[in-house]
Amino acid sequence: MALEQANEILKVVPETAGALHIKASACRMLGQTATALEILLGLEEKYPAVASIHRELGLVFGANGNSDRATRYLRQAVELDPSFIEGWRSLAEQYDACGMEEERDAAYAAHLKASATNPETAEAVRLFSDGALHKAEELARSILKKDPMNVTAIRVLADIGLKVGRFEDAQNLLERCLELAPTFSLARHSYAIALFRRHKFREAVTELDTLLKSEPGNPSYLILKGSALVQKGDHQAALEIYEALVKKYPKQVTAQMNFGHTLKSVGRIDEAVAAYRACITVGPSIGEAYWSLANLKTFRFTDADINMMLSRLEEDKVSPDERTHLEFALGKAYEDRQDYDQSFQHYAKGNAIRKKKHRYDPRRNVYDSARQIHTLTQEFFETRKGWGHTAPDPIFVVGLPRAGSTLIEQILSSHSLVEGTAELTDIIAMSRKLGGKERLTGPSKYPEILEDVTEEQALALGQDYIRTTMIQRHGSPFFIDKMPNNFLHVGLIHMILPNAKIIDARRHPMAGCFAGYKQLFARGQTFTYSLEDIGHYYRDYVKVMDHWDSVLPGRVHRVQYEDMVDDTENQIRRLLDYCGLPFEEGCLKFYETKRAIRTPSSEQVRQPVYKDALELWRHYEANLDPLKEALGPLLDRYPI
């Protein structure tokens, strides 16, 4: 329609700039990028200071896969007009598609600032951009009391929710935002992100499809859609999206990276390596690609790879995130070459950078653990016996990351009655909702609030969990939820799902903690970036698990990783007995599974029981005194 209107105007006045601009934009959206480019380059020559022309050129070059020129033109657009709202939005999306997170966040903050239409709203945006979330929240709420339809203030609150992990609050706020401004595409994109973070993958795909109707080739939308499809188990559809993206936009690093991750999940390792190598070729940031290769666990770096990583670290322009990825990748490279001192130095540097960026307060975990122990006593459970939903479907695997939970999941999901899902956030989300924070950044009432939960409410909570996790299931009677951090919520799980199975994946404390220390997690697990922090966290974890063993004796089945390695068949039989499952030979051949696996152990569990890492920590022992001191008497307790 826009193209037809522009052509009609141009018939009358052939050189009308506005009509030519509309025609170029319409051609781009129809995939006619050559025509669009010809028009826009002519317009740029005549009107070199018009920001909207530079933005449109950036979008055309982005559609053609030329990330460098796309970024350059979009930067020029906002330099020409710093208040250009759509220019900042397009630049943020371009950075997002290139995997340039820091630049994306800065452009997004500028977009928010440009969107603010009054001084108060602008100040709320500034506070949010500066990281003063509590003050930004207070001001945004104050604005909304006077002006309930202020879309920018609602977005500020939603963005705070996304930032602090209050995804349900963010979702609700963005729903309100879209009621007021249904064509507000950036809010809809944020809404899709909130749904994604809440594991509402089908709903996220629906919102992204709405966005793609008006912008069918938008890489940011397609990349997020691919991620949502992966998370809901539709790897083939995701691969089709990523394959099309990398063909059309060979320089879009995020598309290449996600393509590699998805190939890895389905066991197509050689192709995953090729995708990661392609990321290194197109750059400019190469750290995540090298770490992704290292994270295959079975991959080995060449001398040329190591030299390139070391050379890259010498450059001043390397961002903290890329530096972190490179340090962890080099740690793995030297580990594989048995140069353990050099390996540790790189792991330590990577962890130090990560710790500086992601603040972790160990006192918070001590406090949270103490609240669970103080509130959820034996008397608490005795007075609530028989409460909750009787469904036996869930099998929870808890513990520390890198303690063998993926191996347990792989064994159980090889059974004909059981299916694996993922590290589901439903229980953690439920605990946050029960906490009933009046402020996004305020304190939680959980777990003390559980004392006020009625029998009917406990039943409803159990039913809610079964309902919300249905999206992850494909018809098997039992399913696995392997979120390791759920160890803190065993009391909640028992109260709402008394027939669910709970398995504690445990490992030698030195081996388990060091495995976490040398693993770079995509998000969360911030306690792993210091030997002292991870040691203290392990002590808190054992203290809480001891409490559950005391007040709910026999409720949790413990699997010691070393025992599983040394006595595999007997340990598998014990595990199946606890779950009430008949023995099946397929569980002994778990490594033959064809299912997709989305954890760092994906390649290790496609082999027979992985013994290599049992004593790996001893090669690093000279550097692990801070961990030993933090663990203290727990080392003498092993293997309990």
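Residues in the sequence shown are numbered consecutively from 108, following the numbering used here. For glycine and all other residues, C-beta sits at the position ideal for the given N, C-alpha and C.
DSSP on residue i, reduced to helix/strand/coil?
i	result
A528	Strictly speaking, residue 528 in this sequence is Thr, with Ala absent from that position. T528 falls in the strand class under three-state DSSP.
H664	strand
A612	strand
V373	coil
S709	Any reading at S709 must be qualified, since the residue scores a pLDDT of 45, below 50, and its modelled position is unreliable; the value itself is stated next. If DSSP states are grouped into helix, strand and coil, S709 belongs with coil.
Y745	coil
F585	strand
P554	coil
F366	helix
F690	coil
P501	strand
G506	strand
L181	helix
Q626	coil
K424	coil
T409	coil
P323	coil
I129	helix
Y356	coil
D341	coil
E314	helix
N593	helix
E208	helix
Q564	helix
S637	coil
E545	At E545, the pLDDT of 46 sits below 50, so the modelled position is not reliable; the number obtained from the coordinates is stated separately. Looking at E545 - three-state DSSP - the assignment turns out to be coil, as it is neither helix nor strand.
Would you kindly check if the distance between the Cβ of residue j and the Cβ of residue i is under 8 Å?
i	j	result
T484	V658	yes
L280	G268	yes
C686	K589	no
L181	A156	no
C284	V263	no
Q632	P508	yes
G172	Q338	no
Y572	I603	yes
T528	I600	no
I534	F585	no
S334	F303	yes
To the nearest angstrom, how far is the alpha carbon of residue i from that of residue j?
i	j	result
T576	E310	14 Å
E545	E434	Residue placement at E545 cannot be trusted, given a pLDDT of 46 that sits under 50; what the coordinates show is reported in the next sentence. Using only the alpha carbons, I get a separation of about 41 Å.
H726	Y447	6 Å
M671	P746	13 Å
A223	V232	7 Å
M256	A247	12 Å
P733	A622	15 Å
Y397	M415	10 Å
S450	I413	12 Å
E322	A213	23 Å
F594	C205	37 Å
A113	Y298	Bear in mind that a pLDDT of 43 at A113, under 50, signals an unreliable position, so the model cannot answer this.
F488	N677	32 Å
L752	A720	Nothing can be reported for residue 752: it is not among the residues displayed for the chain, which extend from 108 to 747.
L352	L627	27 Å
A301	P616	36 Å
L514	E692	16 Å
N365	A401	16 Å
A436	Q564	48 Å
R681	R375	33 Å
F274	V312	17 Å
E151	H161	7 Å
I679	S523	15 Å
E422	M537	45 Å
N606	D203	44 Å
L137	L164	15 Å
H218	A133	24 Å
E208	L531	25 Å
L127	L346	37 Å
A688	L731	This sequence places Leu at residue 688; Ala is not what is there. Spanning the two alpha carbons is a distance of roughly 41 Å.
Pull up the CB-CB distance for residue i and residue j, whole angstroms please, since I reckon it's below 8 Å.
i	j	result
K220	S197	Not a contact, Cβ separation roughly 16 Å.
R461	Y636	4 Å
G542	I556	7 Å
G169	Q201	6 Å
Any heavy atom of the ligand FMN closer than 7 Å to the beta-carbon of residue i?
i	result
H161	Looking for the ligand FMN in the displayed structure turns up nothing, as the structure carries no ligands at all.
Original post:
Which ranges would you report for the beta strand (DSSP E) in the region 450-475 if only whole runs of at least 3 residues count?
Top reply: none
**OP:** Only counting runs of 4 or more residues, tell me where the alpha helix (DSSP H) segments fall wholly within the region 251-298, in order along the chain.
**Re:** 258-271 and 274-287
Subject >> Whole runs of the alpha helix (DSSP H) within the region 145-205, excluding any shorter than 4 residues >> reply: 158-170, 174-187 and 192-204
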